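So the sequence lines, in the order shown, correspond to chains Y and A. Here the first sequence is numbered in the working numbering, starting from 1 and rising by one per residue. Here the second sequence is numbered in the working numbering, starting from 288 and rising by one per residue.
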Amino acid sequence: MDLTVFAEEVGATGPVTITGLGTRGGPVAGVRVVRPPAGIEWIQPDEMTMRCGAGTPVDELDAALLEHGQCVALPPGGTVGGALSVGHSGIRRLGYGPVRDVLLQACYVSDTGQLVTAGGPTVKNVSGFDLCRLLVGARGTLGFLGDVIIRTRPRPQRSQWFTIDVTDPFPVFTELYRPVSVLWNGTQLWALLEGHPDDVAAQAASCSLDECDGPPELPTGSRRVVPPAMVASQTGRFVAEVGVGVIHHAEPLSAADPCESSVTKLAQRIKAEFDPEGRLNPGVNLA
Amino acid sequence: MNEVLVAELGAALSPDRVRIGGTELALYQRDASNLTGSAGVVCFPTSTEDVQACIRIAGRHGQPFVARGAGTGLAGGATPLDDAMMIVTTKMNRVLSVDPVNRLAWVEPGVLNLDLSKAVAKYGLHFAPDPSSQQSCSIGGNVANNSGGPHCLSDGVTTAHVLGLEVVLPDGEIAHLGGEEAEPSGYDLRGAFVGSEGMCGIATKVCVRLTQNPPAVRTMLMDFGSVDDGARTVSAIIAAGMVPAALEMMDQLCTRAVEEFIHAGLPVDAAAILLVEVAGLPHGVEADVQRIVDIGTAHGAGSVRIAKDEAERLLLWKGRKNAFGAIARIKPNYYLHDTVVPRRHLPDVLRQVYEIVERHDLLVMNVFHAGDGNLHPLLVFDKREPGIMDRVHAAGEEIVRVSVAAGGVLSGEHGIGLEKRDFMPLMFSPIDLEAQARLRRSFDTTGLANPNKVLPTAASCGDMQHVPEGAWI
Numbered sequence: 001m002d003l004t005v006f007a008e009e010v011g012a013t014g015p016v017t018i019t020g021l022g023t024r025g026g027p028v029a030g031v032r033v034v035r036p037p038a039g040i041e042w043i044q045p046d047e048m049t050m051r052c053g054a055g056t057p058v059d060e061l062d063a064a065l066l067e068h069g070q071c072v073a074l075p076p077g078g079t080v081g082g083a084l085s086v087g088h089s090g091i092r093r094l095g096y097g098p099v100r101d102v103l104l105q106a107c108y109v110s111d112t113g114q115l116v117t118a119g120g121p122t123v124k125n126v127s128g129f130d131l132c133r134l135l136v137g138a139r140g141t142l143g144f145l146g147d148v149i150i151r152t153r154p155r156p157q158r159s160q161w162f163t164i165d166v167t168d169p170f171p172v173f174t175e176l177y178r179p180v181s182v183l184w185n186g187t188q189l190w191a192l193l194e195g196h197p198d199d200v201a202a203q204a205a206s207c208s209l210d211e212c213d214g215p216p217e218l219p220t221g222s223r224r225v226v227p228p229a230m231v232a233s234q235t236g237r238f239v240a241e242v243g244v245g246v247i248h249h250a251e252p253l254s255a256a257d258p259c260e261s262s263v264t265k266l267a268q269r270i271k272a273e274f275d276p277e278g279r280l281n282p283g284v285n286l287a
Numbered sequence: 288m289n290e291v292l293v294a295e296l297g298a299a300l301s302p303d304r305v306r307i308g309g310t311e312l313a314l315y316q317r318d319a320s321n322l323t324g325s326a327g328v329v330c331f332p333t334s335t336e337d338v339q340a341c342i343r344i345a346g347r348h349g350q351p352f353v354a355r356g357a358g359t360g361l362a363g364g365a366t367p368l369d370d371a372m373m374i375v376t377t378k379m380n381r382v383l384s385v386d387p388v389n390r391l392a393w394v395e396p397g398v399l400n401l402d403l404s405k406a407v408a409k410y411g412l413h414f415a416p417d418p419s420s421q422q423s424c425s426i427g428g429n430v431a432n433n434s435g436g437p438h439c440l441s442d443g444v445t446t447a448h449v450l451g452l453e454v455v456l457p458d459g460e461i462a463h464l465g466g467e468e469a470e471p472s473g474y475d476l477r478g479a480f481v482g483s484e485g486m487c488g489i490a491t492k493v494c495v496r497l498t499q500n501p502p503a504v505r506t507m508l509m510d511f512g513s514v515d516d517g518a519r520t521v522s523a524i525i526a527a528g529m530v531p532a533a534l535e536m537m538d539q540l541c542t543r544a545v546e547e548f549i550h551a552g553l554p555v556d557a558a559a560i561l562l563v564e565v566a567g568l569p570h571g572v573e574a575d576v577q578r579i580v581d582i583g584t585a586h587g588a589g590s591v592r593i594a595k596d597e598a599e600r601l602l603l604w605k606g607r608k609n610a611f612g613a614i615a616r617i618k619p620n621y622y623l624h625d626t627v628v629p630r631r632h633l634p635d636v637l638r639q640v641y642e643i644v645e646r647h648d649l650l651v652m653n654v655f656h657a658g659d660g661n662l663h664p665l666l667v668f669d670k671r672e673p674g675i676m677d678r679v680h681a682a683g684e685e686i687v688r689v690s691v692a693a694g695g696v697l698s699g700e701h702g703i704g705l706e707k708r709d710f711m712p713l714m715f716s717p718i719d720l721e722a723q724a725r726l727r728r729s730f731d732t733t734g735l736a737n738p739n740k741v742l743p744t745a746a747s748c749g750d751m752q753h754v755p756e757g758a759w760i
């Protein structure tokens, strides 16, 4: 994908912010806005990889991949660039893995308006430092994603949600073999099982799970991230991702714990190296 | 070696864990690559504080230091240059805690890969990355190199299995990167550290994700009349929507060497053999086995051998994992490459590899992670033969070039280290490399952590003083 026009828009001077569809927070207010290119460049089903502009809607990707019996482990909605830059996984993370593992190669525009390639086009690649992992979740503070190569995965033969009333989620969680998602709200558990229809049925039967229409509605007060062992000790109205430790809570989050000073200093050094003038998404602070 | 520095190390650790004897220095002057450097002093820390002390002393004296686990790295990443301080983590080898319910464990970096899987086997769990050296390689080394292995096709490489790290940064500060939380706030410093080849600090504790052992596993061996047919089978399996647990290929020369070594009844007349493992729940596994056999047959598979029990399965895997040991029967030396190409280009690139090797009058054995497109062409030779190293290096360089030209990458799992350092410009522009250097500088403000690896420097182009014997230039 020719990214030169996008790179010129980002330019080399002055504050600039990036946005896609605005579903994950949108641009920084009061700052010149750029939008990354959109569109699918190619899909290679037998490589399980695809390349697209960062501005491509995730739903468009899913629709295109459906034709090939594949999907991508990005949460639905918004753009690919937004999903990667925010880095929050969806409720299938337990089975599909985190968003950060989806990105194979990124062409991004640096603070100086230059095009940089990070990573490589193949799933397996240890050539050099892993800048792609650093870019996922960096909220556009280190560079603006232009286009990306991401990995896809096969769609399962059968995919079905089940439920059961339990006050302890762990017996069911440990019994199931690689469930795609296990959610729990303190009294009821939902499990997404995928694979061969007979295996799905046998797994559900082994835990006395009942078929249901889908996952529960997730509370939107806050999305908290805790060690997975702390899932059992949640209070209030919540839906927890068992085995992952993401808690969708009805209440807003109280102040986060302060970071270790060595980590804060390291994050500040990273920002200072990649964007010394602080022109990319100014005001967004991850350090 | 600076006597004051050695005395300070001895006082901080204990004199018996700081070695400057000729035997130790010789032992630690290289890793499992063909490159030999020179170590100035070898330290054996047993705690995070020990590692911190070593790094602080190194910092005070401006002394470069190199972290080393089991030394099984194949790219010279742990080969010390210019009398560097070796910080060897093999004595930090405790499994600190295991949470079998949430499937994670905290381990020290010196724990051996296979020992971790053995330690958690009683919970029905294992550590998924399984390099062929898994009996002897350490978790710290796996982190440094973002190691792979046959089963990474379905389960991903090391970075997908590392949740958190305690590291000592090159300035001596201790930092906790990532953690048990799925998505810690801030930058993914954990992800940036994994695969940084000892140039961003030293990991002193690692929180790993453990994987459920599959209830059903089927391993099969198919043989083919041509390497092309085997390679096309691999692409067809993936295109059919299956991700086998492993898809490994060996060519005839390799199969013969392995068969003489382990006597597994491998088909030595076949041009290529494909080892396929399917794992998961029983119905899915059986359905996949049938589809894979059908695909193989449609692509000309001569015979299909399905391991009838665990003993036969292990025998088939023994052949694959001991391939590198078996080659010693053909020639005393080997040079191993690790490029990755898009799967669909496997037949074409393999054909070019054979042509290159023939043109240079060398022998090549191919044993590789076909499912990942991860080639491991082994150039086998006898280094006593005059002029052979020039041919080996020339052929190797051509193999790397054709792989990258086919849309591939320099290394799939061994890393860049010293050996592939000067090939980085084949894949990355100066601007791309500068971005990687920014990452490196953020972590290492001192420039003392394993310097002159991975990133080609201006100095490395004209001034070769850092490149030890055996290096590619």
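Heads up, the beta-carbon is just placed ideally off N, CA and C, and yes, glycines get one too. No experiment lies behind these values; they were computed from the predicted model shown.
| query | result |
| --- | --- |
| With H, G and I counted as helix, E and B as strand and the rest as coil, what does DSSP make of A:L383? | strand |
| Name the chain Y residues that come within less than 7 Å of A:V444, Cβ to Cβ? | K124 |
| If we call anything under 8 Å between Cβ atoms a contact, is A:P738 one with A:R708? | no |
| Between Y:T49 and Y:L104, how many whole angstroms is the CB-CB distance? I'm expecting something under 8 Å. | 6 Å |
| Suppose contacts are defined by Cβ-Cβ distances below 8 Å. Is Y:A229 in contact with Y:F238 by that definition? | no |
| Please work out which residues of its chain come closer than 7 Å, Cβ to Cβ, to A:D516, disregarding the five sequence neighbours upstream and downstream, and give them in chain order. | H586, G587 |
| Quick check: what's the CA-CA separation for A:V303 versus A:C341? | The amino acid at residue 303 of chain A is misidentified as Val; the sequence shows Asp. Distance between the alpha carbons of A:D303 and A:C341 is about 14 Å. |
| Could you tell me whether the stretch 657 to 668 of chain A touches the stretch 81 to 100 of chain Y, where touching means 3 or more Cβ pairs closer than 8 Å? | no |
| Using three-state DSSP, classify Y:Y289 as helix, strand or coil. | Within the shown structure, residues of chain Y are numbered from 1 to 287, placing residue 289 of chain Y beyond reach of any answer. |
| With distances taken Cα to Cα, identify the nearest neighbour of Y:E273 among Y:I164, Y:P76, Y:L134, Y:L65. | Y:L134 |
| My output table needs one value for Y:K271: the three-state DSSP class, helix, strand or coil. | helix |
| If you drop the 5 nearest sequence neighbours on each side, which residues of the same chain put their C-beta closer than 6 Å to that of A:P634? | D515, A518 |
| Do A:A682 and A:L649 have their CB atoms nearer than 8 Å? | yes |
| Smallest Cα separation from Y:Y96: which of Y:S233, Y:Q234, Y:G195, Y:N281? | Y:G195 |
| What are the boundary residues of the beta strand (DSSP E) that Y:M50 is part of? | 49 to 53 |
| Short of 7 Å Cβ to Cβ, which residues in the stretch 166 to 200 of chain Y face chain A? | F170, T174, Y177, R178, G195, H196, D198, D199 |
| Find out if the Cβ-Cβ distance for the pair A:C330, A:M372 is shorter than 8 Å. | yes |
| Please go through the stretch 69 to 144 of chain Y and give each complete beta strand (DSSP E) segment of 3 or more residues, from N-terminal end onward. | 103 to 109, 115 to 119 |
| Have a look at A:S472, A:L561, A:I307 and flag the residue whose alpha-carbon is nearest the alpha-carbon of Y:V246. | A:S472 |
| Can you pull the chain D residues whose beta carbon is under 9 Å from the beta carbon of A:C330, in chain order? | The chain labelled as chain D is not found among the protein chains of the depicted structure, namely Y and A. |
| With a cut-off of 8 Å, does the C-beta of A:R304 fall near any C-beta of chain Y? | no |
| On the premise that Y:C207 lies in contact with Y:L183, defined as a C-beta separation below 8 Å, what is that separation, rounded to the nearest angstrom? | No, Y:L183 and Y:C207 are not in contact; Cβ-Cβ is about 14 Å, not under 8 Å. |
| Within 10 Å of its beta-carbon, does A:N400 have 16 or more other beta-carbons around it, so buried, or fewer, so exposed? | buried |
| Determine whether the Cβ of A:V407 lies closer than 8 Å to any Cβ atom of chain Y. | no |
| According to the neighbour-count rule (16 or more other Cβ atoms, all chains shown, within 10 Å of its Cβ), is A:W604 buried or exposed? | buried |
| Considering only residues of the same chain and omitting the five flanking positions on each side of A:P629, which have a CB-CB separation below 8 Å? | G660, A693, G694, G695 |
| Mind checking whether the beta-carbon of A:Y474 lies closer than 7 Å to any heavy atom of the ligand NAD? | Within the structure as shown, the ligand NAD is missing, as the structure has no ligands at all. |
| As an exercise, report each continuous beta strand (DSSP E) stretch of at least 3 residues that is fully enclosed by the stretch 476 to 538 of chain A, in chain order. | 489 to 496, 503 to 511, 533 to 538 |
| Do you know how far the Cα of A:D719 is from the Cα of Y:G278? | 20 Å |
| Select from A:A294, A:E468, A:L440, A:Q499 the residue whose C-alpha is nearest the C-alpha of Y:T174. | A:Q499 |
| If we ignore side chains and look at the alpha-carbon of each, how far apart do A:S690 and A:L637 end up? | 9 Å |
| Would you say the stretch 29 to 39 of chain Y touches the stretch 1 to 20 of chain Y, given that touching needs at least three Cβ pairs under 8 Å? | yes |
| Tell me A:E546's beta-bridge partners as DSSP assigns them. | For A:E546, which the question treats as bridged, DSSP gives no partner whatsoever. |
| Classify A:N389: buried if its beta carbon has 16 or more other beta carbons within 10 angstroms, exposed otherwise. | buried |
| Use the C-beta contact count for A:M288: other C-beta atoms within 10 angstroms, 16 or more gives buried, fewer gives exposed. | exposed |
| Looking at chain A, which residues of the stretch 247 to 278 of chain Y have a Cβ within less than 7 Å of any of its Cβ atoms? | A256, C259, E260, S262, V263, L266, A267, R269, I270, E273, F274 |
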